[in-house]
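First residue of the sequence shown? That's 15 in our numbering, and the numbers climb one at a time after it.
All residues carry an ideal CB built from backbone N, CA and C; glycine is no exception.
Below: the structure, in structure tokens.
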Amino acid sequence: MAIVEQEVAPHAHNGAAAVNGAAGADISVENPATGGIAGSVPDLDAAAVAKMAKRARAAQPQWEAFGFEGRARILSRAQKWLIDNAERVIATIVSETGKTYEDAEFAEIAYAANAFGFWAKNAPEYLADERVKSAAVMLKGKKLILRYRPLGLVGVIGPWNYPLTNSFGDCIPALAAGNSVILKPSEVTPLTSLLLAEGLRECGLPDGVFQVATGRGPTGAALIEHVDMIMFTGSTRTGRKVAAAAAERLIPCSLELGGKDPMIVLSDADLERAANIAVYYSMQNAGQTCISIERVYVEAPVYDEFIGKVTEKMRKLRVGAPKGPGSVDVGAITFPPQMDTISEHVTDAVDKGARVLVGGKKVENVSGRFYEPTLLVDVDHTMKIMTEETFGPTLPIMKIADAEEGVRLANESPYGLGASVFTRDTERGEQIARRLEAGAANVNDALVNYTALELPMGGAKASGLGSRHGAGGIRKYCSQQAIVITPKLALKREVHMFPYKARTTRMISRLFKVLYGRGKRD
């Protein structure tokens, strides 16, 4: 593999969270690809968050009153603003994450641009009043309506790996539903969120409707104390704490947490495609994606051929600081402690008998923070790299006897975010996909489900609660209200009302027997 080093001038951040409250010492934002400082932001305290919440609540009724059409106009302007300012946004993302230009453009700009238009268009349909029919006899002739109304103030706590897609991106449907939103981005990558707040202001979003609360963990904890719902993306360990805090306040929460996504390669698979998918979706964004391919199971008859293809492709990857389109393939490790986890998992695997065919160590003698794209074989489930979330540019591949073993091992995990299976028999592939314990499963592909905003994206088991995208991805930011309307020409007194009469009661009892007494008996 080629190691590319390029010093990039630190990005000067020209804005900060606008709040009337106290802040601790500024947080320096590091460029992990160069070691330079990309900018700084205030570390806001609980008092500052409380003032932001007060401002947000004051602004929310006006924003709700815009209606779907008015909110869609703002979101459509934001979509155009994002494309017009794409180079500036990409530069900001790259400066604080160290990811490649392409990872910023393909996985962040493209997603957010699509999301602005998608929610502007689909919010009215997903949140439209629904007429409901009831089987209850006593409701005959009445009008039943299910409606969705914004919760009021939504809090979003975002991760560091995708500051636009998985941080700001969750704010778009919340805004489309008519809520005010306070986003607490990761203190590691807060600059993109502040830039998007600037863009929304330019697009005409009313003051106070969207705010960015920069800070560390206590800032996020303070946010949960003031919102009507919390959306969190991050580790399972922290997600449990967020869920507990939300439960204390009896507010809803939605959590996208850790993953250890498996890929199963059957002996009849298109190995060239499968190898390309395995390399790309394990190394894209330096493996720092919740739904990255983190472990691969390959049937024995094609194992050696598959390993050969993956080895050849991985050795050609270029690693280093991005310097524009096409300059590198794999960028930096954004979060410093993540480097320790990656190193620990690789060392643990080698100590237990795994072999490293490509990579296997940190990139030395460079200014930034990089780990070599790493291919491991002779792995098993005694190793952390096959059972715990690594979140780095590693690809462990295990030989299996057949599809049944692949399914069993794929499901042998506390996580269940995504999964994939490769076979030329797509009907068989679909049947296997249905058996995988994951919120999303792909046949002959991986991760692409995330781009289908019409489909829910959420995890099973310890990978989270709730989902983003689809109808549920915006309805979670609303409360449901049931409305029953009795026509004005209704009876003055319903038959079941006081005073009770034996004759009437016997008549109603006979009616119940006719309606409900015909169930099958064993």
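{"Asked": "So which of T233, P164, R438 has the shortest CA-CA distance to A79?", "Found": "P164"}
{"Asked": "Per DSSP, which one or two residues make a beta bridge with M277?", "Found": "V310, S434"}
{"Asked": "Taking all protein chains shown into account, decide if Y530 is buried (16 or more other Cβ within 10 angstroms of its Cβ) or exposed.", "Found": "exposed"}
{"Asked": "How far does the beta strand (DSSP E) with F224 in it extend, from its first residue to its last?", "Found": "224 to 226"}
{"Asked": "Let me check understanding here. Comparing Cα to Cα, which of P266, E326, K515, L271 lies closest to Y294?", "Found": "E326"}
{"Asked": "Provide the residue(s) that pair with I159 in DSSP beta bridges, ordered along the chain.", "Found": "R145, I497"}
{"Asked": "Roughly how many angstroms separate the alpha carbons of K490 and A73, rounded to a whole number?", "Found": "21 Å"}
{"Asked": "Which residue comes first and which comes last in the beta strand (DSSP E) that contains D57?", "Found": "51 to 58"}
{"Asked": "Report the rounded CA-to-CA distance for V170 versus A314, giving the unit in angstroms.", "Found": "45 Å"}
{"Asked": "Have a look at the DSSP bridge pairing and note the partners of S194.", "Found": "L167"}
{"Asked": "To the nearest whole angstrom, what separates the beta carbons of G112 and G472, a pair I think is in contact under 8 Å?", "Found": "Actually they do not touch by this definition, with Cβ atoms about 28 Å apart."}
{"Asked": "From the DSSP secondary-structure annotation, give me the bridge partner or partners of R482.", "Found": "M471"}
{"Asked": "Given the structure, does A72 come close to the ligand HEM, in the sense that its CB is under 6 Å from one of the ligand's heavy atoms?", "Found": "As far as ligands go, the structure on display features none, and thus does not contain the ligand HEM."}
{"Asked": "Going along the chain, which residues of its own chain have a beta-carbon closer than 6 Å to the beta-carbon of S281, five neighbours each way excluded?", "Found": "E313, P315, V316"}
{"Asked": "Quick one: what's got a C-beta closer than 7 Å to G430's C-beta in the same chain, skipping five residues either side?", "Found": "E451, A452, G453, G473, A474, K475, S477"}
{"Asked": "Classify S42 as helix, strand or coil using the three-state DSSP reduction.", "Found": "strand"}
{"Asked": "Looking at the structure shown, is E270 part of a helix, part of a strand, or coil, going by DSSP?", "Found": "strand"}
{"Asked": "In whole angstroms, what separates the C-alpha of W95 from that of I186?", "Found": "14 Å"}
{"Asked": "In whole angstroms, give me the CA-to-CA distance for F512 and T519.", "Found": "11 Å"}
{"Asked": "In terms of alpha-carbon separation, which member of V372, R438, D184, I244 lies closest to M328?", "Found": "V372"}
{"Asked": "I need the DSSP call for F120, collapsed to helix, strand or coil.", "Found": "helix"}
{"Asked": "Consult DSSP for L264 and reduce its assignment to one of helix, strand or coil.", "Found": "coil"}
{"Asked": "Which class does V320 belong to by DSSP, given the choice of helix, strand or coil?", "Found": "The sequence as given places Phe at residue 320; Val does not occur at that position. Helix at F320."}
{"Asked": "Starting from the Cα of L89, find the closest Cα among T48, K135, P266 and give me that residue.", "Found": "K135"}
{"Asked": "Could you pull out every residue in the same chain whose Cβ sits closer than 7 Å to the Cβ of P138, ignoring the five residues on either side in sequence?", "Found": "F82"}
{"Asked": "Three-state secondary structure (DSSP) at P410?", "Found": "strand"}
{"Asked": "Quick one: what's M245 bridged to in DSSP?", "Found": "V170, S268"}
{"Asked": "Quick check on DSSP: helix, strand or coil for N180?", "Found": "helix"}
{"Asked": "When the Cβ atoms of the segment 377 to 393 are set against those of the segment 407 to 420, are three or more pairs found closer than 8 Å?", "Found": "yes"}
{"Asked": "When the Cα atoms are used, what is the spatial distance from K337 to A118?", "Found": "13 Å"}
{"Asked": "Let's test the definition: count the other Cβ atoms within 10 Å of the Cβ of I97 and tell me whether it reaches 16, buried, or not, exposed.", "Found": "exposed"}
{"Asked": "In the DSSP assignment, find the unbroken beta strand (DSSP E) run with T388 in it and report its ends.", "Found": "388 to 391"}
{"Asked": "Which residue wins for smallest C-alpha separation from A433, given the options M152, R309, F349?", "Found": "R309"}
{"Asked": "Is the distance from the Cβ of Y125 to the Cβ of T179 below 7 Å?", "Found": "yes"}
{"Asked": "The beta strand (DSSP E) that contains L371, what's its start and end?", "Found": "369 to 372"}
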